[in-house]
Structures are given as C-alpha cells and as structure tokens.
Amino acid sequence: MKVMILAAGVGERMRPLTNHIPKPLLKVAGIPLIEHHICRLAQAGFTELIINVSHLAQQIIDYCGDGSRWGVSIVYSPEQEPLETAGGIVNAFPLLGKEPFLVVNGDVWIDYPFAELAEYQLRESEFAHLVMVANPVQHPRGDF
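Sequential numbering from 90 applies to the sequence shown in my numbering.
Structure below.
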C-alpha cells in the first residue's frame, strides 16, 4: 500500500519557526517530524511514499531524498501553490494509482500503530477508513 505524506503547507501557526524551515522539518526530540513518520512507516512495512511539497519544497526534497536511507522509495508531488489537503491528494492521484492508499499529515505528531493499517482492506461498501485523534487543548477547534 502506498502512503502519501502531506507536507506542502505553509505552517502559519508555527511562525516564525516556519518562515525558513517547512513545518515537517521542525525537530521533535532532535529529529525532523517527517523523519519520525518515515521511520515508523518503514517499520510498519510501507515502502512506497509520495510526499507533496510546496512551501520551502527543496528543503524537504534535499532532506528526504529518494528515501533509500530508510529503506523506502520517495517520489514528490510538487505544487506551485499549496493546494490544501484534498487538492494535494487529487494532484497526486497519478502517483498514487487506483489501489487504496494511506494519507499521513506530515506536520502533526501521531503515534498510531501504522502496522495495523498495512493489511487493512476496505470493504466494498467503504470509501475510506479514517483514523482521527482528539484536538489538543491549545487548538480545540481543529482544522475541519
């Protein structure tokens, strides 16, 4: 199953930190957030990753490269301007193909056990399987 990591956002709520560093490259415990995701996805058996990029895109591309250092393959879905969540996914459809895929927000910490999703099969009547987490106290409204 392929994975799309959403990494094209501007990171407005994290300014001034994101003025010069894309939010997925901000460090958590000394490691960029996107690397935490890539490592955990690789450990769960996901090896084909698509990362959408826009804001400070080259920094993400330079850092992640082709993914070989984590044992995964990474291709990029560039966006001239950020297309938001749905637009970024639609833009990447040619890379994602027709099979089910996983979408991970590259700028949000999640400790969900990705391995549980690696073998998940959508039922014929299902369009999607969503994993949601509670909004943090400091941002109770969320984004949706």
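A virtual CB, placed ideally from N, CA and C, is assigned to each residue, including glycine.
**Message:** Can you tell me where the beta strand (DSSP E) holding Leu106 begins and where it ends?
**Reply:** Neither: Leu106 is in no beta strand (DSSP E) and is coded neither H nor E.
**Request:** Quick one: residues in its chain with C-beta nearer than 6 Å to the C-beta of Val220, no 5 flanking neighbours on either side, listed in chain order?
**Result:** Tyr201
**Request:** Confirm, please, whether the CB-CB distance from Ala96 to Pro121 is below 8 Å.
**Result:** no
**Prompt:** Taking just the CA atoms, how far does Trp159 sit from Thr174?
**Reply:** 25 Å
**Request:** Just confirm the distance between the C-beta atoms of Met93 and Phe190, as a whole number of angstroms; I'd bet it's less than 8 Å.
**Result:** 6 Å
**Touch test, the segment 147-157 against the segment 176-186, Cβ-Cβ under 8 Å, three pairs minimum** = no
**Message:** Could you pull the DSSP bridge partners for Ser162 from this structure?
**Reply:** Glu137
**Prompt:** In the DSSP assignment, what are the bridge partners of Met93?
**Reply:** Ile139, Val192
**Asked** Residues in its own chain within less than 8 Å of Asn180 by CB, not counting five upstream and five downstream?
**Response** Asn141, Ser166, Glu168, Leu172
**Request:** Output the boundary residues of the alpha helix (DSSP H) element that contains Glu124.
**Result:** 122-132
**Prompt:** Which one of His126, Leu145, Gly176, Pro111 has the shortest CA to CA distance from Ile163?
**Reply:** His126
**Item:** Helix, strand or coil at Val179 [DSSP, three-state]
**Value:** helix
**Closest Cα partner of Ser157 within the set Ala131, Gly176, Glu213, Ala223** = Ala131
**Asked** From Gln210 to Leu145, what does the alpha carbon distance come to, in whole angstroms?
**Response** 35 Å
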